[in-house]
Amino acid sequence: MNFMARSIVALTALVFVAVSSVHAADASPTLSRIQKSGKLVVGTSGSMPLMSEKLMTGELVGFDIDMAKALAETMGVKVEFKTMPFDQLIPSLEQGKVDVVMSNMTMTIERNMRVAFAGPYFVSGKCLVTKEQEMAKADDPEDLKESDAKIAVVGGTTSEAFVKELMPKIQRVAVDSVDKGTNMVAKGEVNAFLTDFPICLSVMKRFPDSGFQSVVSALTYEPIGMALPANDPLFINLASNFIDRAENVGLITGLGIKWFGQAKLTPVSAE
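Numbered by the working numbering, the letters in the sequence shown go through residues -5 to 265 in order.
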């Protein structure tokens, strides 16, 4: 973590009031469990570069990881990460195996019918990684409806739903990781890999000489939030207040600069 990000995290810890010295209300089973164990268990995929990524050393890094660490610090507890495939995150939260999910998760209506959300703390969007110049210029789903095109997506994500619903004639290839999708583009097995903005940015940074191109604008609005147990209003309120304060003291801005530099999303025109 660079000096600015460390300073912001330290400032945040001073601004927030830790709850560890106060007994959580009986109405909050999650907070009671966290206090008794002394740790916040965070579910994450570890496969979303710049947001949640597991390095070769086994270390987890990314925007979501830093946010989770800051949340645990302000609660006065340790953080424990559990990595798993993306589509197992919500079931694990529902089963009480994790206390919160932070893994570049879009706050969708379908997910919100199963779990609660706090946020958004980051706004992302869909973009393409491709070697084809015409596809890289796409800023509307209508531009991508070539029936003979193949697009790779990570299964179980909003990217897969995006292609399925808005581009039904496209040949959709579901993969289980960003690396597999990227490799398919590199080998010419698919025309493009559809994913989220932070992941596109990561791919472009990692493979500057690969010939990959990416869209400049976001294809969708993707509000990223913390997924929380559905029946724990006190914990939901705590998480929402954490995000509000993290934004107001500059933590979110600082982490954004740390992980994304000056890169920004360009909203799609409403016209």
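Built from N, CA and C at the ideal position, the CB exists for glycine as well. Just so we're clear, the structure is a prediction, and the values are computed from it rather than from any experiment.
{"Asked": "Unbroken stretches of the alpha helix (DSSP H), 4 residues or longer, contained in the segment 40 to 75", "Found": "57 to 69"}
{"Asked": "Rounded straight-line distance, which links the Cα of T102 to that of Y215", "Found": "11 Å"}
{"Asked": "Under 8 Å between C-beta atoms of A112 and I145", "Found": "no"}
{"Asked": "Closest Cα partner of D60 within the set V109, S97 and G32", "Found": "S97"}
{"Asked": "Secondary structure of F116, DSSP reduced to three states", "Found": "strand"}
{"Asked": "Spatial neighbours of T100 in its chain, beta-carbon cut-off 7 Å, leaving aside the 5 residues before and after", "Found": "T152, E216, P217 and I218"}
{"Asked": "Beta-bridge partners of M220, as assigned by DSSP", "Found": "A112"}
{"Asked": "First and last residue of the uninterrupted beta strand (DSSP E) at K144", "Found": "K144 to V148"}
{"Asked": "Closest Cα partner of G70 within the set I28, M45 and L222", "Found": "I28"}
{"Asked": "contact_flag[the segment 200 to 208, the segment 160 to 173] where n(CB pairs < 8 Å) is 3 or more", "Found": "no"}
{"Asked": "Residues bridged to Q89 [DSSP beta-bridge criterion]", "Found": "Q89 is not bridged to any residue."}
{"Asked": "Anticipated Cβ contact below 8 Å, G52 with M78, distance rounded", "Found": "Actually they do not touch by this definition, with Cβ atoms about 15 Å apart."}
{"Asked": "Pick from S39, D142 and A66 that is closest to V270, judged by C-alpha positions", "Found": "No information on residue 270 is available, as it lies outside the stretch -5 to 265 that the chain covers here."}
{"Asked": "Strand pairing of P208, partner residues [DSSP]", "Found": "According to the sequence displayed, residue 208 carries Ser and not Pro. Partner(s): V123."}
{"Asked": "F187 (DSSP reduced to helix, strand or coil)", "Found": "strand"}
{"Asked": "Cβ separation of L44 and I193, assumed to be a contact under 8 Å, to the nearest whole Å", "Found": "7 Å"}
{"Asked": "Euclidean distance between Cα positions of F254 and M198", "Found": "12 Å"}
{"Asked": "For A110 and D226, the rounded distance between their alpha carbons", "Found": "9 Å"}
{"Asked": "Simplified DSSP state of T102, which is helix, strand or coil", "Found": "coil"}
{"Asked": "Proximity winner among V117, M178 and I246, relative to F206 (alpha-carbon distances)", "Found": "M178"}
{"Asked": "Nonlocal neighbours in the same chain, by C-beta distance under 6 Å from T189, ignoring five residues either side", "Found": "S153"}
{"Asked": "Cβ pair L245, A64 closer than 8 Å", "Found": "yes"}
{"Asked": "Extent of the continuous beta strand (DSSP E) to which K33 belongs", "Found": "K33 to T38"}
{"Asked": "Reduced DSSP secondary structure (H/G/I, E/B, other) of V179", "Found": "helix"}
{"Asked": "Inter-residue Cα distance where the pair is E47 and F75", "Found": "12 Å"}
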